Amino acid sequence: MAKRKFQLSESDRQQLMQAYALCKDGPTRTRYQAVRLYGEGYSVSDIEQITGGSRSSLMEWCRAYQQDRRYGLVDKRAGGNCAKLTALQLEDLAQRLHQYTPRDLFGSAARSVSGQYWTVDDLQAAVRQ
């Protein structure tokens with residue numbers, strides 16, 4: 342059986358524990374915990390069970406930690422959504438949806454029976470307009 346090359350010094354272990362305690366971001370906390378456990382000698386299967394991560398993710402996190410001990414484990418995903426409308430367009434659309442009914446804009450082509458309530462199809466057509 343191969344001997345594990347990745348080991349933590351006591352100061353690294355303490356830094357990971359402190360970073361874990363101070364971190365508010367869930368995915369980043371998981372990384373701190375997984376790397377610390379691996380560096381302390383826990384088995385990969387135990388770490389997978391504790392953190393819910395995979396072996397490949399664990400190895401990637403360990404490499405990232407070795408390359409940059411300070412910021413290697415921080416979650417770098419940007420987040421957000423892929424909005425197709427600008428904030429100004431959304432504001433204008435919201436104003437129009439409150440001001441008009443589907444019947445006002447589409448007449449008898451409105452999807453709801455009475456033409457008073459917005460359906461997904463009506464909203465889609467309004468956005469296209």
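Residue numbers (the working numbering): 342 to 470.
Using N, Cα and C, we set each Cβ at its ideal position, and we do this for glycine too.
Bear in mind that the values here come from a model prediction, so they are computed numbers and not experimental data.
Reduced DSSP category for residue i - H, G, I as helix; E, B as strand; rest coil
i: F347; result: coil
i: V461; result: helix
i: A435; result: helix
i: V468; result: helix
i: D353; result: helix
i: L414; result: coil
i: L426; result: coil
Proximal residues to residue i (C-beta, below 6 Å), its chain only, five neighbours per side dropped
i: R396; result: V385
i: R345; result: none
Residue span of the alpha helix (DSSP H) that contains residue i, given as start and end
i: V385; result: 385-392
i: C403; result: 396-408
i: D445; result: 443-447
i: Y379; result: 367-380
Close beta carbons around residue i, own chain, < 8 Å, minus the five adjacent residues each side
i: R524; result: The structure shown does not extend to residue 524, since the chain is modelled only from 342 to 470, so the question has no answer here.
i: R377; result: L349, R354, L357, M358, Y361
i: H439; result: none
i: D462; result: R452
Cβ-Cβ separation, residue j to residue i (assumed contact under 8 Å), whole Å
i: D409; j: P368; result: Wrong, their Cβ atoms sit about 17 Å apart, outside the cutoff.
i: T371; j: G394; result: 6 Å
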